[in-house]
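Here the structure is laid out as structure tokens; the discussion comes afterwards.
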Ligand code: IMP
Ligand code: MG
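Numbering (this note's numbering), first residue to last: 169 to 340.
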């Protein structure tokens, strides 16, 4: 175990996710939503977020995108689908754990756009705007954080700490 310092508490997270769910329900009123959760990191956020979408028609699917090894980006991103999904005419909401350089989401969005969805938006649990290299912004975001490596609430350090119910900064 490393030492860590809590940055965002479980209570702050649940309040924010509920608020975001309300906003999404309002924005997509009368529409069917395809939630596309990016594995692995977003599984905790996605599971809370979909449970705050009780008043709308939601389908949830998963996609895998991997770009990180340890705390450093590898600079490469691979995308794998978990099933045969047609994105044509769908309202896609990509659900991600964090936007850092932006490479993962930019590449994912550019790939999905080619399949002619009706709309594509991005919901990212966290955003590190100061780290951005490519131009991409989340449509929905719970928290904007400084340039610190964080774990918990689905985010990992070498596959550890995903289970923490809060967001913590590793201190060593
Ligand atoms: P991007 O392509 O640089 O935007 O990287 C996004 C991916 O990097 C996320 O989906 C995370 O898996 C990972 N990542 C970026 N920052 C952190 C962090 O502080 N903690 C854990 N994972 C991170
Ligand atoms: Mg990720």
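Ideal Cβ positions, reconstructed from N, Cα and C, are used throughout, including at glycine.
Below-8 angstroms beta-carbon distance, residue 290 vs any chain B residue: Of the chains in the structure shown, none is chain B; there is only one protein chain.
Whose CA, out of 277, 214, 285 and 321, lies closest to the CA of residue 200? 285
If residue 329 sits next to residue 319, beta carbons under 8 angstroms apart, how far is it from one beta carbon to the other, in whole angstroms? 4 angstroms
Do you know how far the Cα of residue 267 is from the Cα of residue 179? 22 angstroms
How many whole angstroms separate the CB atoms of residue 287 and residue 306, which I take to be in contact at a CB cut-off of 8 angstroms? With a Cβ gap of about 15 angstroms, residue 287 and residue 306 do not count as contacting.
Is residue 266 near the ligand IMP, with its Cβ less than 7 angstroms from a heavy atom? yes
Alpha-carbon spacing of residue 230 relative to residue 340, whole angstroms: 32 angstroms
What residues match up with residue 302 in a beta bridge as DSSP calls it? For residue 302, which the question treats as bridged, DSSP gives no partner whatsoever.
Look at the Cβ atom of residue 332, then the Cβ atom of residue 317, and state whether they are nearer than 8 angstroms. no
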